[in-house]
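For reference, each letter of the sequence shown is one residue, going 63 to 446 in this note's numbering.
Backbone N, C-alpha and C fix where the C-beta goes; we use that ideal spot for every residue, glycine too.
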Amino acid sequence: MTTVSPLAERRWLILLSSVFSFFAIGATFFVVPPLIPELVARFGLSHFKVGLLMGAISIPAVFLAIAIGLAVDRWQPRRVGVVSLGLMFVGAVCFATAPTFGLLFAGRLLFGVGGLVVNLLLARLLTEAFSGRELALAMGVFVATYPASMITVFSLHPVLIENIGWRNELLLLAALVGLAIPLFLVAVGRPEPSDLPVERSRVSFKVSPSLAALALTWMLFFAVHSSVLTFAPEWAGGGTAALLIVTIVMWVAMIGSPLAGTLIDRTSSPTRWVAVGLTIQGATLAGAASGLLSPTPAMLGIGLATALVPTAIYALPGLLVQPDRVGFAFGFITMFSNLGTIAGPAAVGALIDRAVPWSLVWGLLAGTALLALVTISRVRPSTD
């Protein structure tokens, strides 16, 4: 007999809060590419250092994701959410006011710690609240927030930097984080006796072959995805027009992710749709490498992949582990995805600094996407 979580009655409010918080995370993550001209001019940064700044938010996840994933399986979510959103706020303010590259980097790191906890906590709460019904749809709406944040940042950046300056633009993002705190408190409500800490099974670091394969797939996808979003504006010619072209990725993903979630719920086959998305990603980059695809159709293809892959992957941890290990599973795959987010843009930035042609850059990323097809084929949904 399936036990219905008390969170099920608040599931749509929890989804609303999750969307708002995740928007704040995504907007801060994506603010770096539009700021590249300012960062290079004011701080003298190389493309390699820009890549490091892009990936800095992800560094804490490499070292802390598993431990925090275990913790959110046990900690009281109300307190955890407030503290982690508070860390995000402090990090965002530090990044907005930093006078040196070192403090820019430190602000991104601190934001990354808070963002990591929030991300894992929200993924666990959504998995519990929507368990057994509409889970992929909820995750589709949740991950659609990620492209929506990029669209907003890329679209509004030219207006904001002209009228209020880049530092005030960053302070606006910090204010979004501050607003997420009261909304989160309303969504989770006050803890009922059943929500208080209870005795749980012994901590287990067991990783099944399927969970390991899912983590590798997530890492390879994000190595490609983050690299494309960081440097595609430059490939597309730079300037406002190039930023708008790259937002096509996120328009398609924002609209397509909830639709993908509905499709996944109806077919009950998340791994199949991950494979479809990876095939589209690899084929699109191969087309860009060969010159067959110009920036606009290339970004359409990347958008389709971005709608399918994250939505399907977020629906999988609950199918691979027992309910009291969902936080650990999300933590484990998040560690690997953030390794990809760090390594991908930094490596591609280093290649660009050495004047490697775009055809080779896109060709290498296409091969990485196709390699992920091998790893996803090893995932077999069934709780451990």
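(Q) Determine whether the beta carbon atoms of A118 and L171 lie at a separation below 8 Å. (A) In the sequence shown, residue 118 corresponds to position 56, counting from 1. In the sequence shown, residue 171 corresponds to position 109, counting from 1. For A118 and L171, yes; Cβs fall inside 8 Å.
Q | For P161, the three-state DSSP class (helix, strand or coil) | A | Here residue 161 refers to the residue found at position 99 when the sequence shown is read from its first residue. If DSSP states are grouped into helix, strand and coil, P161 belongs with coil.
Q: Consider the Cβ of L69: report whether some Cβ of chain C lies at a distance smaller than 8 Å.
A: Of the protein chains in the structure, only one exists, and it is not chain C.
Q) By Cβ distance below 6 Å, which residues in the same chain neighbour A200 in space, the five residues on each side in sequence not counted? A) Along the sequence shown, one-based indexing puts residue 200 at 138. Once the five neighbours on either side are set aside, the close Cβ partners of A200 are L77, L188 and F192.
Q. Can at least three beta-carbon pairs, one atom from the stretch 197 to 217 and one from the stretch 399 to 415, be found at a separation below 8 Å?
A. no
Q: From the DSSP output, in three-state form, read off V441 for me.
A: Working through the sequence shown from its first residue, we reach residue 441 at position 379. Residue state, collapsed to three classes: coil.
Q) Going by Cα to Cα distance, which pick from P95, S80 and G88 is closest to G300? A) On the sequence shown, residue 300 is found 238 positions in, with the first residue counted as 1. For the residues P95, S80 and G88, the minimum Cα distance to G300 belongs to P95.
Q.
Our contact map puts C156 next to L147 with C-beta atoms below 8 Å; I'd like the distance itself, whole angstroms only.
A. As a first step, residue 156 must be located in the sequence shown, where it is residue number 94. As a first step, residue 147 must be located in the sequence shown, where it is residue number 85. That pair is no contact at about 15 Å.
Q. Grouping DSSP H, G and I as helix and E and B as strand, with all else coil, what is I404?
A. Sequence index remark: in the sequence shown, residue 404 carries index 342 (1-based). Of the three classes helix, strand and coil, the one that applies to I404 here is helix, per DSSP.
(Q) If you measure between the beta carbons of P139 and V175, is that distance less than 8 Å? (A) To locate residue 139, count along the sequence shown from 1; it is residue 77. To locate residue 175, count along the sequence shown from 1; it is residue 113. The answer is no: Cβ separation not under 8 Å.
Q. Alpha carbon to alpha carbon, how far is P372 from P332?
A. Counting from 1 along the sequence shown, the entry for residue 372 is found at position 310. Counting from 1 along the sequence shown, the entry for residue 332 is found at position 270. In a straight line, the C-alpha of P372 is about 10 Å away from that of P332.
Q | Per-residue DSSP class, three states only, for F143 | A | Within the sequence shown, the letter at position 81 stands for residue 143. The amino acid at residue 143 is misidentified as Phe; the sequence shows Gly. Note: G143 maps to helix in three-state DSSP.
Q: For the alpha helix (DSSP H) holding V134, just list the boundary residues, first then last.
A: Stepping through the sequence shown from its first residue, residue 134 is reached at position 72. In the DSSP assignment, V134 falls within the unbroken alpha helix (DSSP H) covering I121 to V134.
Q: Measure the C-alpha to C-alpha separation of T437 and F284 and round it to an integer number of angstroms.
A: Along the sequence shown, one-based indexing puts residue 437 at 375. Along the sequence shown, one-based indexing puts residue 284 at 222. Using only the alpha carbons, I get a separation of about 14 Å.
**Q.** DSSP state of G300 mapped onto helix, strand, coil
**A.** One-based indexing of the sequence shown puts residue 300 at position 238. If DSSP states are grouped into helix, strand and coil, G300 belongs with coil.
Q. Exposed or buried, I310, counting other C-beta atoms within 10 Å across all chains shown (16 or more means buried)?
A. As a first step, residue 310 must be located in the sequence shown, where it is residue number 248. The residue is buried, with at least 16 neighbouring Cβ atoms inside 10 Å.
Q | Rounded separation between E224 and Y376 - CA only | A | Position 162 of the sequence shown, counted from the first residue, corresponds to residue 224. Position 314 of the sequence shown, counted from the first residue, corresponds to residue 376. Rounded to whole angstroms, E224 to Y376 spans 38 Å at the Cα level.
(Q) Let me check understanding here. Comparing Cα to Cα, which of A405, P379, L149 and G406 lies closest to A185? (A) In the sequence shown, counting from the first residue as 1, residue 185 sits at position 123. Among A405, P379, L149 and G406, the Cα nearest to that of A185 belongs to P379.
Q) What separation, rounded to the nearest whole angstrom, lies between the Cα atoms of L149 and I243? A) Taking the first residue of the sequence shown as 1, we reach residue 149 at position 87. Taking the first residue of the sequence shown as 1, we reach residue 243 at position 181. In a straight line, the C-alpha of L149 is about 11 Å away from that of I243.
Q. Do A417 and G365 come within 8 Å of each other at the CB atom, strictly closer than that value?
A. By one-based count along the sequence shown, residue 365 stands at place 303. By one-based count along the sequence shown, residue 417 stands at place 355. No; because the gap between Cβ atoms is not below 8 Å, this pair is not in contact.
**Q.** Given R72 as reference, the closest of L276, P357, V250 and F392 once Cα atoms are compared
**A.** Your numbering for residue 72 matches position 10 in the sequence shown. Here the closest residue by C-alpha is V250.
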